[in-house]
Amino acid sequence: MKMRNIRVMAIVFSLVLLGGLASLDSALAAEPYHLGVDLAITGTGALYCKDGVDAIKLAVEEINAQGGFLGKHPIKLFIRDTHTKPDVAVREAKDLILRDKVRCVLGTYSSACAVAIKPVCQEYKVLHIPAVSNSENITKINFSPYTYQVVPNSYMQAKAVVLGVAELAKKKGWNEYVTIASDYEWGRSTQQNTVNLLKQVAPGVKLKKEFWPRLGETQFTSYITAIMAEKPDFVIGSVASKDNIAWMNQAKAYGFFEKIPYPGSLISVSELIIQAKTLTRGLVGLCRAPFFAHLDIPMMANFVKNFRAKNDRYPSDWAVMEYDAVYALKQGIEKAGSIDTEKVKDAMKGMTIETSRGKLYFRQIDNQLSCSSYLGVVADDPKYPFPIYHDLIEVKGPDSWRPEDEIIAARKAEKK
Amino acid sequence: MDVSLLVAQCMSGLSRGMMLFLIASGLSLIFGVMNILNFAHASLWLVGAYFCYSFWYLMQNHGFGMWVSIPLAALVLAAIGWVIEVVLIRRVYERELPEQLLLTYAMVLILGDLIKLTWGVEDKIIVRPTLVEGPVFFFGIPFDSYFIFVISVGFFVAIGLWWFLQKTKYGHIVRAAVFSREMVSALGIPIPRIYTGVFVLGIFIAGLAGAVQAPVGSITLGMDMAIVVQAFCVVVIGGFGSLLGTLVGSIIVGEVYAFSILFWAKGALVLIFIVTAVILIVRPWGLFGTPMRM
Amino acid sequence: MEILTKKYWWLGLVFIGALALPLVVGEFWVHVAIEILILGLFAVSFNMIFGNMGQLSFGHAAYYGVGAYATGLLLVRASVPLPICLAASMVAAGICALILGYFCVRLTGIYFAILTLAFGQLLYYIIFQWYSFTGGDDGLQGIIPPGALFSATYYYYFALFVVTGALIAMWYVNESPFGYTMRAIRENADRTRFIGINVRRYMLINFVVAGMFAGLAGGLWGPFNRSIAPDLCNWHQSGIPVFMTVIGGPLGFFGPMIGSIIYTFLMAFVTGFTEYWPLTIGLVIMFVVLFMPGGVLGLVEQKMKVFRSRDLEARGDRSAETERS
């Protein structure tokens, strides 16, 4: 009796041990990291997002070449199209989270989309890194601890522009201006911040009239003629990507830029490349992450080299920021020592990271990266087949972001 | 209110109206004669724009590149129109309205994705030849010189269509078919050939319109969606099958858009749809259409 | 009568299957099922105008969108309990349908279609531009269903309950003398007028009822998606119930619902591995229009000889009407 019992017990014990070892084994087995991308593959944002997607793919390839996150979690990419529409963005984000089980969503293009998917990511406890959208409302109000912003936000950009424009206004004696901004979240946020800040910094300068073409506008003729008839001293533009190209081309045909100064509008590296032949030189423009400003940093130099080798073109701001987003995630995972979302989210708080734009950190109060905005003069350069910015001014993040007490006040007001 | 501002807005409204006329004229013709409301008309217009870009791209080292691409693109679209008519549209002449509408709507979806597959998602820009690159001045007010070209093309198309419909035998047959298919058929004239010809003509004009549009700004996906409903409004306001109506309708819509920017920037399209709805309620056959169509 | 029992038995099975669904499939497919229910309700309400009244409305999404915004705004701005929001959606959509329908029912055929399209776009642009009230093209965010409905499974049962109730209501309307009058109007409006029926008033009532149920569907959609946008009124959205009805078959009550199952399932499936969904659905629609004009139900009915004579009669009369116009 006893012998049989012992034998049974021994068999059971070894089975249990084997089972335990087996399950331990499968727990250690490489669990892939599902990474979701929710960008505007079509719609107004498609122009910028293609670059972004290519950069993400490059970053993922590089990381997977070393085995993935922490060397053992290969990244699996899932890419969805927001169509530049907030409700579609939400639906695709839900798809990514529920069907593809992603742990982090990179994207979106339209700020309205980013604001829409932020609470969804928060609800399902998934990380969210917008790397193109930059409306301040993504970080200022309705704070989500799962959202980390790696783009200089609309306040930061507006402040950078205002500082530059105020200088010019003083020098040239400008008094009246007109704004033209795309009628959607980013356009509204940017225009509002610019007007308010300009009022603070240069109170003598008056806003004469506002123009609001809708997002996706392709015919700017009526706006061009109306603005030129107003004869303002200068015009500040916040026109969204694709529309911006149409706007600038059409305005140029009217001799707009020769007659009226147009400082500080967003002319990203994408526009510099696409409009290489037609862009008016001498314009003072703003951008978010020009690669040529940081070629002294090895991470940037390598990125540019690899991106060019793979895609046969230079990376735009959006490519740089999406690349940084993936690497920010990587560093967060490394600091947490695990791919568990909760641990990563906590690890990323206030973290200092290496980016292609230098060593930057996330501000605790709003998870905003301390990245810079860049102003410069559009000029041809022998090194590149397209114009770049000369006389580049880098306005650092901490010099241009909204003061913390204002953010606290805004959140309090919002809660009411 | 500055006189120069009014003149400027008037002119920009006119150029916008001419663009719409080019698209809407084909749509109106096809509906007037064949009773088919072609949802895909703007999508074919966009295909024309893309083809113009492709031809220009191949010839961009020659100054005349753009000028040649425009008629070439229009001819390609005429061929595509012929194929679509023979393979698809012909099958639904005898069918109910919903099936006809759904067929053309399905074409919209298919064409949209085909464009994406063929040309990709990036914007296409045609660099204009220096002749039409800069502004011309009209009493000190700058205008995009290219629009002189657009307005000219619009007028040529209008006059060409008018001459065709009023002065040629073929045109007379087409106008008769608008009034009564059965009678024309009873006279021994093959209606199917008329239909094919009209459809091809309509799509040719659409392709021409797209090609003319291409150098204005940039060519991008989704432009067709934005413009198709405006084209419908033009045709409704002007009256189906009436050339004069389409011309008047386009100018009205263009000017409403241009002026509303000054007074009620966001309301341009709301206004246009209110006008469209009012016309449909009060006079469904439009300002110049033929009441018998009901 | 035996036709009804034939229909009822498979309905019972379907309902039991629907109840068991969340226990069997993952959360993602529960979401798909909720979408099938909501869009199916939308499509069945559309078919009240299309299949039952014989007119093609290309602007039905206007009422869907109005319903969605009614519920969304009430829930987000005033935290009104969800059932009251849904009732408000029906009322708001009904009022819109009354105002717009008053004009639409004066027209038929293609003019009806275009006017409904124009009104749909009008409503779309109004919601789009009224930024201060509706949030414009940012849409309305943060629409959270209250309490337990936050979980997908509970929301599914809630939607199932509401949609089933709505379907039963519409079924009764269709099977009532009113419903028969609508079909008479579809077959021959002039003859119906001659027997003393005020055709326009009946068409308007039908239009309003259809609009109210579209509003109900829209009201259900907001809390499900957590986000709504003016696009819900767009002509693309109007096209969806048309597709579903044509795929499923407009002559049967459940046609649109079958169409919804096929369409939504196909979309969830296809978008998993390609971005070219419009191409896919465009080809499907073209195929159905050219080769399967009665939709799935039409195909089924061809196999079941019981319905065949009824079907032929309906088609015969409709082609006569075309000739007269």
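Protein chains in written order, with the numbering used here: chain A, 164 to 579; chain B, 54 to 347; chain C, 343 to 667. A virtual CB, placed ideally from N, CA and C, is assigned to each residue, including glycine. These numbers were taken from a predicted model, which means no experiment stands behind them.
- Outcome for C/Ile537 when other beta-carbon atoms lying within 10 angstroms are tallied against a minimum of 16: Under the 10 Å beta carbon count, C/Ile537 is surrounded by fewer than 16 other beta carbons and is classified as exposed.
- Query: Which residue comes first and which comes last in the alpha helix (DSSP H) that contains C/Phe596?
  - Reply: Per DSSP, C/Phe596 belongs to no alpha helix (DSSP H) and is neither H nor E.
- For chain C, find out if any of its Cβ atoms is closer than 7 Å to the Cβ of A/Pro293; answer yes or no. Taking Cβ atoms only, chain C never reaches closer than 7 Å to A/Pro293, which makes this a no.
- chain B beta carbons: is any one of them nearer than 7 Å to that of A/Leu202? A/Leu202 is outside the set of residues whose beta carbon lies under 7 Å from a beta carbon in chain B.
- In whole angstroms, what is the alpha-carbon distance linking B/Arg246 and C/Ala455? Near 28 Å, if we compare the C-alpha coordinates of C/Ala455 and B/Arg246.
- Which residues bound the alpha helix (DSSP H) around A/Pro461? According to the DSSP assignment, A/Pro461 belongs to the alpha helix (DSSP H) that extends over 461-474.
- Where the beta strand (DSSP E) through A/Lys372 begins and ends: In the DSSP assignment, A/Lys372 falls within the beta strand (DSSP E) that extends over 369-374.
- Item | Proximity test, Cβ basis, 7 Å: C/Tyr467 and chain B | Taking 7 Å as the CB threshold, C/Tyr467 lines the interface with chain B.
- Message: To the nearest angstrom, how far is the alpha carbon of A/Asp568 from that of B/Leu322?
- Response: Taking C-alpha positions only, A/Asp568 is separated from B/Leu322 by approximately 42 Å.
- Message: Cutting at 6 Å between CB atoms, please list the residues of its own chain near C/Leu546, excluding the five before and the five after it.
- Response: For C/Leu546, same chain residues with a beta-carbon under 6 Å away, outside a window of 5 residues either side, are Gly443, Val447 in chain order.
- Message: Buried or exposed for A/Gln438, going by 16 or more other Cβ atoms inside 10 Å?
- Response: Its Cβ being crowded by 16 or more others within 10 Å, A/Gln438 is buried.
- Between C/Trp351 and chain B, is there a C-beta pair that is closer than 7 Å? No, no contact with chain B.
- Nearest to C/Leu368 by CA position, among A/Asp406, A/Leu429, A/Leu261, A/Asp503, is which residue? At residue 368 of chain C the sequence reads Gly, which differs from the Leu that was named. Ranking A/Asp406, A/Leu429, A/Leu261, A/Asp503 by Cα distance to C/Gly368 puts A/Leu261 first.
- Item | Contact with chain C by A/Ala256, beta-carbon distance below 7 Å | Not a single CB atom of chain C sits nearer than 7 Å to the CB of A/Ala256.
- Message: Assuming the contact rule is C-beta atoms closer than 8 Å, A/Val541 and A/Leu442 should be a hit. Round their C-beta distance to whole Å, please.
- Response: Cβ-Cβ separation between A/Val541 and A/Leu442: approximately 6 Å, consistent with a contact (criterion under 8 Å).
- Item | Any chain A beta carbon closer than 7 Å to C/Phe607 | The C-beta of C/Phe607 comes no closer than 7 Å to any C-beta of chain A.
- Would you check if the region 203-210 of chain A and the region 257-276 of chain A touch, i.e. whether three or more CB-CB distances between them fall below 8 Å? A contact exists between the region 257-276 of chain A and the region 203-210 of chain A.
- Item | Segment contact, 8 Å Cβ cut-off, at least three pairs: the region 269-278 of chain B with the region 334-351 of chain A | Touching, no.
- Task: State the DSSP-derived secondary structure class of A/Thr310, mapped to helix, strand or coil.
- Result: If DSSP states are grouped into helix, strand and coil, A/Thr310 belongs with the strands.
- Interface partners of C/Pro583 on chain B, CB under 7 Å: By Cβ distance, chain B contributes nothing, its closest Cβ being about 12 Å from C/Pro583, past 7 Å.
- Message: So, for B/Phe196: in the same chain, excluding its five sequence neighbours on each side, which residues have a beta-carbon less than 7 Å away from its beta-carbon?
- Response: Within the same chain, B/Phe196 has close Cβ partners Met64, Pro188, Val189.
- Task: Give the interface partners of C/Gly481 over in chain A, defined as CB-CB distance under 7 Å, in chain order.
- Result: Within 7 Å Cβ-Cβ: Pro249, Asp250, Ala275, Ala279.
- Message: Bridge partners for A/Arg243 per DSSP, in chain order?
- Response: Paired residues: A/Asp201.
- Query: Does A/Pro566 get closer than 7 Å to chain C when you measure Cβ to Cβ?
  - Reply: Not closer than 7 Å to any Cβ of chain C, the Cβ of A/Pro566 fails to qualify, so no.
- Query: Is C/Met323 close to chain B, meaning its C-beta is less than 7 Å from at least one C-beta of that chain?
  - Reply: Residue 323 of chain C lies beyond the stretch modelled for chain C, which goes from 343 to 667, so this question has no answer here.
- Output yes if chain A places a C-beta closer than 7 Å to the C-beta of B/Pro119; else output no. Before going further, note that residue 119 of chain B is Met rather than Pro in the sequence given. For B/Met119, not one C-beta of chain A is nearer than 7 Å to its own C-beta.
- Straight-line gap, A/Val268 to B/Ala127 (C-alpha atoms, nearest Å): Each residue's alpha carbon lies about 44 Å from the other.
- Task: Can you say whether C/Leu428 is buried or exposed, counting buried as having 16 or more other CB atoms within 10 angstroms of its CB?
- Result: By the neighbour-count rule (16 or more Cβ atoms within 10 Å), C/Leu428 is buried.
- Task: With 8 Å as the C-beta to C-beta threshold (strictly closer), list the residues of the region 186-203 of chain B near chain A in chain order.
- Result: Flagged, chain order: Glu186, Gly187, Pro188, Ile194, Pro195, Phe196, Asp197, Ser198, Tyr199, Phe200.
- For A/Asp188, name the three-state secondary structure that DSSP assigns. At A/Asp188, the pLDDT of 40 sits below 50, so the modelled position is not reliable; the number obtained from the coordinates is stated separately. Note: A/Asp188 maps to helix in three-state DSSP.
- Query: With a cut-off of 7 Å, does the C-beta of C/Tyr444 fall near any C-beta of chain B?
  - Reply: Answer no: the Cβ-Cβ gap between C/Tyr444 and chain B never drops below 7 Å.
- Query: With a cut-off of 7 Å, does the C-beta of B/Gly85 fall near any C-beta of chain C?
  - Reply: False, the Cβ-Cβ gap to chain C never drops below 7 Å.
- Message: If the cut-off is 8 Å on Cβ atoms, which residues from the region 62-93 of chain B count as contacting chain A, listed in chain order?
- Response: Flagged, chain order: Gln62, Met64, Ser65, Gly66, Ser68, Arg69, Met72.
- Return the residues of the region 612-628 of chain C that lie within a Cβ-Cβ distance of less than 9 Å from chain B, sorted by chain order. Those would be Glu617, Tyr618, Trp619, Pro620, Leu621, Thr622, Ile623, Gly624, Leu625, Val626, Ile627, Met628, in chain order.
- Own chain residues within Cβ distance below 8 Å of C/Phe392, not counting five before or after: So the list reads Leu398, Ser399, Val584, Thr587, Pro592, once near-sequence residues are dropped.
- Message: On the CB-based measure, 16 or more other CB atoms within 10 Å of its CB, does C/Gly377 come out buried or exposed?
- Response: The question names Gly, but residue 377 of chain C in the sequence shown is Glu. The residue is buried, with at least 16 neighbouring Cβ atoms inside 10 Å.
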